[in-house]
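Per full-length UniProt numbering, the sequence shown starts with residue 1, numbered consecutively.
By construction, the Cβ of each residue, glycine as well, lies at the ideal position given by its N, Cα and C atoms.
On a predicted model such as this, the values are computed, not experimentally measured, just so you know.
Notes for the one structure printed next.
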Amino acid sequence: MSTNDDSVVSRGLTQILELDDESIPDPELKLPKRSSLIIIVLANVLLQISFFIIVSSANEYALHLGGTSTFTGLVLGIPTVFSGLTLIPLMKVDKGGYGRPLNVCCAASICGLILYASAYKANWLYLILLGRITSGIGFSMWMYCKRFCSDPRIVGVRRRTTLASWLIVGNGVGMGLGPLLGGIFYKYVGFGKGANGVWNGFTSPAWILAAVWAIYWVAVQIWFQDVTDEDTLSPPESIELQEKVPAQLMESPSNNDSINASGTSFRHHANPSPTVSPRSPSPPHVSDKLDLGQWASVVCVCWFAMASFFILGAWEANIPVFGAANPQLNFTPFAAGNFLAIGALACFPFFILNLFLARRVQDRYTLVFGAGLGGAALIAFLVLISLDKTTSGGSTNSISNQLGIGHAPGFFICWFAVALGFNVASTVTYSLLSKQLPPTVKWNGKASVMVQCSNYLGRVTGAVWGGAGVATGMTNYVGLEIAITGIGIAMAGSIWRHLRAKTG
1 MSTNDDSVVS RGLTQILELD DESIPDPELK LPKRSSLIII VLANVLLQIS
51 FFIIVSSANE YALHLGGTST FTGLVLGIPT VFSGLTLIPL MKVDKGGYGR
101 PLNVCCAASI CGLILYASAY KANWLYLILL GRITSGIGFS MWMYCKRFCS
151 DPRIVGVRRR TTLASWLIVG NGVGMGLGPL LGGIFYKYVG FGKGANGVWN
201 GFTSPAWILA AVWAIYWVAV QIWFQDVTDE DTLSPPESIE LQEKVPAQLM
251 ESPSNNDSIN ASGTSFRHHA NPSPTVSPRS PSPPHVSDKL DLGQWASVVC
301 VCWFAMASFF ILGAWEANIP VFGAANPQLN FTPFAAGNFL AIGALACFPF
351 FILNLFLARR VQDRYTLVFG AGLGGAALIA FLVLISLDKT TSGGSTNSIS
401 NQLGIGHAPG FFICWFAVAL GFNVASTVTY SLLSKQLPPT VKWNGKASVM
451 VQCSNYLGRV TGAVWGGAGV ATGMTNYVGL EIAITGIGIA MAGSIWRHLR
501 AKTG
C-alpha cells in the first residue's frame, strides 16, 4: 500500500474513531430510566406530605386525647427513630435494589396512617404514636431515595447534585402541601355536620393520604424498573477500544492490511485482544480506604445533615405550639398550617432555580450559603424574641388571623429564610459526600446510611426540641440552633479545601 493510501486510511480511521467517541455516552452524565426516576421522586414527595400533613393539627389532636405539647413533639419526631432502626435489617434484604424497600414503604405508610386515624374513634392517645411509629418504617425509603439519586450504577457524578436538587424540590412540595392540606381538612371537614368518630378534622387527612398511597403502590408495580447488578458502572469494552486501538493502528503497519477500503469493518477488525495489545495499561486502582481529609469531610457533611433537619424539624413542631401559646399570635391549627405552608411554598421558586445552579456552583458554596442564610434568620428571630417584637408591624384583620402572615410579618420572614436556607444546605449533603468517597457501590451505600442517620437524628431531636420550645424558653430554643449552625460553618471553614468537588 502506498504512502498516500496509508494517510487516507489513517484519516478515515480517525474520523470513525471520533464518531465512536460521540456514540458512547459520557459516564459522568449518566441518568436512570425516566419512569423509575419519577417513581422515586414521587415517593419522596409523598413521604414529605405524610410527615407534614399532621403538623398543623397534631397538637390539638394530642391535647384532645389527653396528651401535651411535648408529646406532640414526640409524635412528630418518633417516626425517624424507627426509620433508622429499620435501615439495617432492610439493607440486608434489599439485594442492592429499590423494589423491596418501595413495597415496604407503601405498606407501612398505609398501615400507619390508618392507625393514626383510628385513634380518635378508639379514644386512645398512644394509638397515634403507634401509627406514627409504623409510618416511620416507611420513612426508611428516604435513604433509598438519596441512594438512588447517587447510585454509581445508574447516575453519573455530574448528575448527582442535580437529582438531589429534585429531591429538595419534593421536600418543598411536602413542606408546603402537607401543613396546608392538614389545616384545610381541619377547618372545612371539622367536627360539625357530616363529621363523626371516623371522619373528622383530625382523621380525614390520614384517610385521604392512605388512599393516595394505595394508588401509588399500584403505579410502582406497573412502572418501576429496579436496578440490578447487571447495570455496570461504565462501558469497559468501549473504553478499552478507544484507549488501545488508535495506538496499535498507528504503530503497526500490518494492522492496515486487516482493514478493508471502506473502513466499515473497523470495530470488527480492531477488537482488542491480549495478543494485539500486550502492553495496554490496566485500569487505575481505586483505594477503598479514606484519608484524613475525607474523614473530616464525612464528619462535616454529617453535621450539616443533622443540623439542617434539626432546625427545620424544630421550627415545624414549634410554630403551632408557639403560635397558639402567644396571645398576640393566637394561631389556630388552620392558621398554623397556612403559616407553615406559605413559608415553604414561597421557597419553591428558589428550589427550581437551584436545579439550574447545581450544574454551575460547587456544592461547598451551596452548603455554606444555605447555612449562612438560615443562621442569619435565626439571629434575627432571636432579636425579635428578646425585644418581644415577634408581631411588630402586624395586622389584626380576619384574613391575617387565618393566614398568620400579615399578623406576624417579621416572624414569617424569619421562617421563610430558615426554611429556604437549611433546605438549600441539605440539598448538597449527600451529593457532596458521594463525590468525596470512593466511587463504588459499597461506599455509596455507606454514605447514604451516614447522611440519612444524621437526618433522622436531627429530625427526631429537632421535633422534640421544637415541641418543648415554649416550655424551655424561646431564647434558649433559638440560641441552641444558632450554636449548632455556627459549629457547622466553623467546621466547613477549617476543611474548606477538602470540600472541593465536581459540579453537577
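### Query
Where does W199 sit, in a helix, a strand or coil, going by DSSP?
Walking along the sequence shown from the start, residue 199 turns up at place 199. Residue state, collapsed to three classes: coil.
### Query
Do G343 and F412 have their CB atoms nearer than 9 angstroms?
The residue given as residue 343 occupies position 343 in the sequence shown. The residue given as residue 412 occupies position 412 in the sequence shown. Closer than 9 angstroms, so yes.
### Query
Does the separation of the CB atoms of A317 and V464 fall below 9 angstroms?
Counting from 1 along the sequence shown, the entry for residue 317 is found at position 317. Counting from 1 along the sequence shown, the entry for residue 464 is found at position 464. Yes; because the gap between Cβ atoms is below 9 angstroms, this pair is in contact.
### Query
Can you name, in chain order, every residue of its own chain whose Cβ lies under 7 angstroms from the Cβ of A210, other than the five neighbours on each side?
Within the sequence shown, numbered from 1, the residue matching residue 210 stands at position 210. So the list reads I110, L113 and I114, once near-sequence residues are dropped.
### Task
With W496 as the anchor, note down where its alpha helix (DSSP H) starts and where it stops.
Here residue 496 refers to the residue found at position 496 of the sequence shown. Neither: W496 is in no alpha helix (DSSP H) and is coded neither H nor E.
### Query
How about F202 and S69: do their beta carbons lie closer than 9 angstroms?
The residue given as residue 202 occupies position 202 in the sequence shown. The residue given as residue 69 occupies position 69 in the sequence shown. Their beta carbons are not under 9 angstroms apart, which means F202 does not touch S69 by this criterion.
### Task
Assign I311 to one of two classes, buried (16 or more other C-beta atoms within 10 Å of its C-beta) or exposed (fewer than that).
Position 311 of the sequence shown holds residue 311. Counting Cβ neighbours within 10 Å, I311 comes out buried, since at least 16 surround it.
### Query
Given N271, which residues of its chain have a CB within under 7 angstroms of its CB, disregarding the five upstream and five downstream residues?
On the sequence shown, position 271 is the one that residue 271 refers to. Since pLDDT at N271 reaches only 44, below the 50 mark, its modelled position is unreliable, and no value is offered.
### Query
Mapping DSSP to helix, strand and coil, what is I54?
Counting from one through the sequence shown, the residue named residue 54 turns up at place 54. Correct three-state label for I54: coil.
### Message
Can you confirm whether the stretch 143-157 touches the stretch 446-453 when touching is taken to mean that 3 or more C-beta pairs between the two stretches lie within less than 8 angstroms?
### Response
yes
### Query
When the Cβ atoms of the stretch 455-470 are set against those of the stretch 175-193, are three or more pairs found closer than 8 angstroms?
no
### Query
Going by the CB atoms, is the gap between V298 and L437 shorter than 9 angstroms?
In the sequence shown, the residue the question calls residue 437 occupies position 437. In the sequence shown, the residue the question calls residue 298 occupies position 298. Taking 9 angstroms as the Cβ cut-off, L437 and V298 qualify as a contacting pair.
### Query
From which residue to which residue does the alpha helix (DSSP H) around R132 run?
Stepping through the sequence shown from its first residue, residue 132 is reached at position 132. Counting along the chain, the alpha helix (DSSP H) containing R132 begins and ends at L125 to G138.
### Task
Note the first and the last residue of the continuous alpha helix (DSSP H) segment covering D151.
Counted from its first residue, the sequence shown places residue 151 at position 151. No alpha helix (DSSP H) contains D151, which DSSP labels as neither H nor E.
### Query
Going by alpha carbons, who is nearest to N171 out of F52, V198 and N123?
Along the sequence shown, read from residue 1 onward, the residue named residue 171 stands at position 171. Of the listed residues, the one whose Cα sits closest to N171 is F52.
### Query
To which residues of the same chain is I49 closer than 8 angstroms at the C-beta, ignoring the five residues directly before and after it?
Within the sequence shown, residue 49 is the residue found at index 49, counting from 1. Contacts found: V173, G174, L177, G178, L181 and L209.
#### Entry: Residues of its chain near L163, where Cβ-Cβ distance is below 7 angstroms and the 5 sequence neighbours each way are ignored
Against the sequence shown, residue 163 aligns to sequence position 163. Once the five neighbours on either side are set aside, the close Cβ partners of L163 are C149 and V155.
### Task
With distances taken Cα to Cα, identify the nearest neighbour of V301 among M491, S118 and L31.
One-based indexing of the sequence shown puts residue 301 at position 301. V301 has its Cα closest to that of M491, out of M491, S118 and L31.
### Query
Is the Cβ-Cβ distance between G410 and L384 less than 9 angstroms?
What you label residue 410 is simply residue 410 of the sequence shown in a count that begins at 1. What you label residue 384 is simply residue 384 of the sequence shown in a count that begins at 1. Yes, the Cβ-Cβ distance between G410 and L384 is below 9 angstroms.
### Message
I'd like the list of long-range same chain contacts for G364, defined as Cβ closer than 6 angstroms, with 5 residues on each side in sequence excluded.
### Response
Against the sequence shown, residue 364 aligns to sequence position 364. The residue you asked about is not Gly; residue 364 is Arg in the sequence shown. Hits under 6 angstroms: L499.
### Task
Between the Cα of T72 and those of I352, A425 and F322, spot the shortest distance and give me the residue it belongs to.
To locate residue 72, count along the sequence shown from 1; it is residue 72. Comparing Cα-Cα distances from T72 to each of I352, A425 and F322, the minimum goes to F322.
#### Entry: T427 vs A358 beta-carbon contact at 9 angstroms
As a working note, residue 427 is residue 427 in the sequence shown. As a working note, residue 358 is residue 358 in the sequence shown. The answer is yes: Cβ separation under 9 angstroms.
### Query
Quick one: what does DSSP say G479 is sitting in, helix, strand or coil?
Counting from 1 along the sequence shown, the entry for residue 479 is found at position 479. Of the three classes helix, strand and coil, the one that applies to G479 here is helix, per DSSP.
### Assigned secondary structure, A358 (DSSP; H/G/I helix, E/B strand, else coil)
Here the question's residue 358 lines up with position 358 in the sequence shown. Coil at A358, not helix or strand.
### Task
Figure out for me which residue from L367, A419, F191 and G97 has the closest Cα to the Cα of S36.
Here residue 36 is taken as the residue at index 36 of the sequence shown, counted from 1. When each option's Cα is compared against that of S36, the closest is G97.
### Message
Below 8 angstroms on the Cβ atoms is my contact criterion, and I expect R159 with L29 to pass it. Report the Cβ-Cβ distance as a whole number of Å.
### Response
Against the sequence shown, residue 159 aligns to sequence position 159. Against the sequence shown, residue 29 aligns to sequence position 29. That pair is a contact at about 6 angstroms.
### Query
In whole angstroms, what is the alpha-carbon distance linking T503 and I128?
For the purposes of this step, residue 503 is identified with residue 503 of the sequence shown, where counting begins at 1. For the purposes of this step, residue 128 is identified with residue 128 of the sequence shown, where counting begins at 1. Taking the straight line joining both Cα atoms gives about 43 angstroms.
### Task
State the DSSP-derived secondary structure class of P349, mapped to helix, strand or coil.
Sequence index remark: in the sequence shown, residue 349 carries index 349 (1-based). Here P349 sits in helix by DSSP.
### Residue of R497, I39, G488 and D226 minimising C-alpha distance to L292
Here residue 292 refers to the residue found at position 292 of the sequence shown. When only C-alpha atoms are compared, the closest one is R497.
### Message
To test your reading of the DSSP string, which unbroken alpha helix (DSSP H) runs of 4 or more residues are found completely within the stretch 152-223?
### Response
160-188 and 204-223
#### Entry: Cβ-Cβ distance between A371 and F309 below 9 angstroms
The count along the sequence shown starts at 1 and reaches residue 371 at position 371. The count along the sequence shown starts at 1 and reaches residue 309 at position 309. In this structure, F309 does not lie closer than 9 angstroms to A371 by Cβ.
### Query
Excluding five sequence neighbours on each side, which residues of the same chain lie with their C-beta closer than 8 angstroms to the C-beta of F191?
Position 191 of the sequence shown, counted from the first residue, corresponds to residue 191. Only N200 and G201 meet the Cβ criterion.
### Message
For I133 and D26, what's the separation of their Cα atoms in angstroms?
### Response
Position 133 of the sequence shown, counted from the first residue, corresponds to residue 133. Position 26 of the sequence shown, counted from the first residue, corresponds to residue 26. Answer to the nearest angstrom: the Cα atoms are 43 angstroms apart.
### Query
Do you know offhand how far A325's Cα is from Q221's?
Looking up residue 325 in the sequence shown gives position 325. Looking up residue 221 in the sequence shown gives position 221. C-alpha separation (whole angstroms): 46 angstroms.
### Task
To the nearest angstrom, report how far apart I168 and G197 are at their CA atoms.
Residue numbering aside, residue 168 sits at position 168 when the sequence shown is read from its first letter. Residue numbering aside, residue 197 sits at position 197 when the sequence shown is read from its first letter. Spanning the two alpha carbons is a distance of roughly 36 angstroms.
### Task
Output the boundary residues of the alpha helix (DSSP H) element that contains A119.
Within the sequence shown, the letter at position 119 stands for residue 119. Note, A119: alpha helix (DSSP H), G99 to A122.
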